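A quick write-up on the structure given underneath.
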Amino acid sequence: MNPRALALLAATSASAIYGANHTIAKGLMPSVIGPFGFIMLRVFGAAALFWLTSLFLPKEKVDKKDWLRILGCALFGMALNMNGFFKGLELSTPINSSVVITLTPVLLLILSAFFLKEKVTWLKGIGIGIGLGGALLLILFGEKTQPNAPNIPLGNLFFILNATSYAIYLIMVKPLVAKYSSITLMKFFFLFAVFMNIPIGGPEFLAVNWTELDFNVWWKLIFVVIGTTYLTYLFNIYALKQLSPSTIGAFIYLQPVLATLIAVWAGADSLNPLRIGAAVLIFFGVFLSTRKKKIA
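So the sequence shown is residues 554 to 849, counted in the numbering used here.
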């Protein structure tokens with residue numbers, strides 16, 4: 554298999570893991586573990602895996618001036634981002650989570666215009682409005698509760714917090730990516746995230762009776778830690794070696810499709826006209842806001 558085909562397979566695999574994560578992680582909360590305790594397990598496991606991986610790679614020295622930015626990346630990328638998503642997943646539904654997080658490119662554009670002074674054209678402005686309108690449609694007029702989803706509107710707001718935090722993280726991490734290797738960054742991001750998450754997720758993590766968990770629970774926990782947190786990152790890094798960032802970014806549209814199929818197949822969620830309409834608005838808004846002008 555040629556390198557480009559392998560890269561496409563890696564990007565597709567990452568999207569498939571993310572898509573399955575919406576249903577698998579949802580099924581564990583809060584009966585097995587609380588959302589914040591889940592993130593505590595996730596960042597601790599990822600930190601251990603990335604530090605273990607770094608032992609087989611050349612060491613890099615981090616400049617003193619970059620430590621504050623690294624702390625900021627850990628806060629927005631591995632603390633606020635992850636906790637917002639899992640808390641939202643506990644309160645809302647897998648389909649809603651997979652749809653709302655596709656707002657990330659729109660929010661990234663807004664924040665880039667604010668912090669980086671990037672120009673927002675009228676077409677992009679319309680796209681931003683349409684995308685946010687789709688999200689508001691889900692929050693204001695969608696179902697309020699359903700089995701295993703006690704507060705869907707609040708959960709959807711946590712998804713927006715998740716997407717906003719991740720967009721801030723992408724802006725902050727850009728200068729670091731050009732300077733350090735990915736493994737070096739990840740091992741420090743997750744190490745700091747462990748300490749940041751202890752006050753938030755420590756009590757829920759300690760409340761779990763780990764010795765009484767059966768195999769059906771353990772494989773799901775391992776899937777989230779190794780699959781969703783570690784392997785997806787490595788898959789995307791490999792894919793970026795062969796594919797353009799815009800091509801990788803397009804795979805965000807595959808995630809809600811796979812997440813919806815898996816959630817409906819597993820009986821964890823269901824589709825309705827309002828969710829479909831909101832998804833169409835968000836996708837169309839993202840398309841308009843991220844569309845690049847052709848150069849003659």
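Idealized CB from N, CA, C, for every residue including glycine.
As the structure is a computational prediction, the values presented were derived from the model and not from experiment.
CA nearest to the CA of G820, picked from L738, T764 and T576: Here residue 820 corresponds to residue number 267 of the sequence shown, with the count starting at 1. Nearest of L738, T764 and T576 to G820, Cα basis: T576.
Three-state secondary structure (DSSP) of A702: Position 149 of the sequence shown, counting from 1, holds the residue named residue 702. In this structure, A702 counts as strand in the three-state DSSP scheme.
Inter-residue Cα distance where the pair is I705 and L814: Stepping through the sequence shown from its first residue, residue 705 is reached at position 152. Stepping through the sequence shown from its first residue, residue 814 is reached at position 261. Roughly 20 Å separates the two Cα atoms.
Contact belief for M582 with F639 at Cβ below 8 Å, rounded distance in angstroms: Taking the first residue of the sequence shown as 1, we reach residue 582 at position 29. Taking the first residue of the sequence shown as 1, we reach residue 639 at position 86. Confirmed, Cβ separation roughly 7 Å.
K740 classed as buried or exposed, judged by whether at least 16 other C-beta atoms fall within 10 angstroms: Against the sequence shown, residue 740 aligns to sequence position 187. Classification for K740: buried.
Which listed residue (K618, I683, F742 and N649) has its alpha carbon closest to that of A812: If you number the sequence shown from 1, residue 812 lands on position 259. Closest by alpha carbon: N649.
C-alpha distance - G587 paired with N555, whole-angstrom precision: Counting from 1 along the sequence shown, the entry for residue 587 is found at position 34. Counting from 1 along the sequence shown, the entry for residue 555 is found at position 2. Between the C-alpha atoms of G587 and N555 there is a straight-line separation of about 43 Å.
Backbone CA spacing between F840 and Q795 [nearest angstrom]: Translated into positions along the sequence shown, residue 840 becomes position 287. Translated into positions along the sequence shown, residue 795 becomes position 242. For F840 and Q795, the distance between alpha carbons rounds to 23 Å.
Terminal residues of the alpha helix (DSSP H) in which M739 lies: As a position in the sequence shown, residue 739 is number 186, starting the count at 1. In the DSSP annotation of this structure, the continuous segment of the alpha helix (DSSP H) that includes M739 starts and ends at S735 to L759.
Close Cβ partners of F597 (< 7 Å) along its chain, the five nearest in sequence each way excluded: Residue 597 sits at position 44 when you count from the first residue of the sequence shown. Only V747 meet the Cβ criterion.
Beta-carbon spacing of T657, A716 below 9 Å: Taking the sequence shown and counting its residues from 1, the one referred to as residue 657 is at position 104. Taking the sequence shown and counting its residues from 1, the one referred to as residue 716 is at position 163. Less than 9 Å divides the Cβ of T657 from the Cβ of A716.
Residue from L689, F758 and V659 with nearest C-alpha to I679: Start at 1 with the first residue of the sequence shown, and residue 679 comes out as number 126. For the residues L689, F758 and V659, the minimum Cα distance to I679 belongs to V659.
Straight-line Cα distance separating L676 from F758: On the sequence shown, position 205 is the one that residue 758 refers to. On the sequence shown, position 123 is the one that residue 676 refers to. In a straight line, the C-alpha of F758 is about 46 Å away from that of L676.
Classification of I775 by the beta-carbon crowding that lies within 10 angstroms, buried from 16 upward: Here residue 775 is taken as the residue at index 222 of the sequence shown, counted from 1. Residue burial is scored here from C-beta neighbours: I775 has fewer than 16 other C-beta atoms within 10 angstroms and is therefore classed as exposed.
Cβ distance (whole Å) where G708 is taken to contact G641 below 8 Å: What you label residue 708 is simply residue 155 of the sequence shown in a count that begins at 1. What you label residue 641 is simply residue 88 of the sequence shown in a count that begins at 1. The beta-carbon separation of G708 and G641, rounded to 4 Å, stays under the 8 Å limit for a contact.
Extent of the continuous alpha helix (DSSP H) to which A578 belongs: Sequence index remark: in the sequence shown, residue 578 carries index 25 (1-based). Note, A578: alpha helix (DSSP H), P556 to K579.
Integer-rounded CB distance, given that A832 should sit under 8 Å from V652: Indexing the sequence shown from 1 puts residue 652 at position 99. Indexing the sequence shown from 1 puts residue 832 at position 279. Contact check for V652 and A832: beta-carbon distance about 5 Å, within the 8 Å limit, so the pair qualifies.
Classification of T764 by the beta-carbon crowding that lies within 10 angstroms, buried from 16 upward: What you label residue 764 is simply residue 211 of the sequence shown in a count that begins at 1. Label assigned to T764: exposed.
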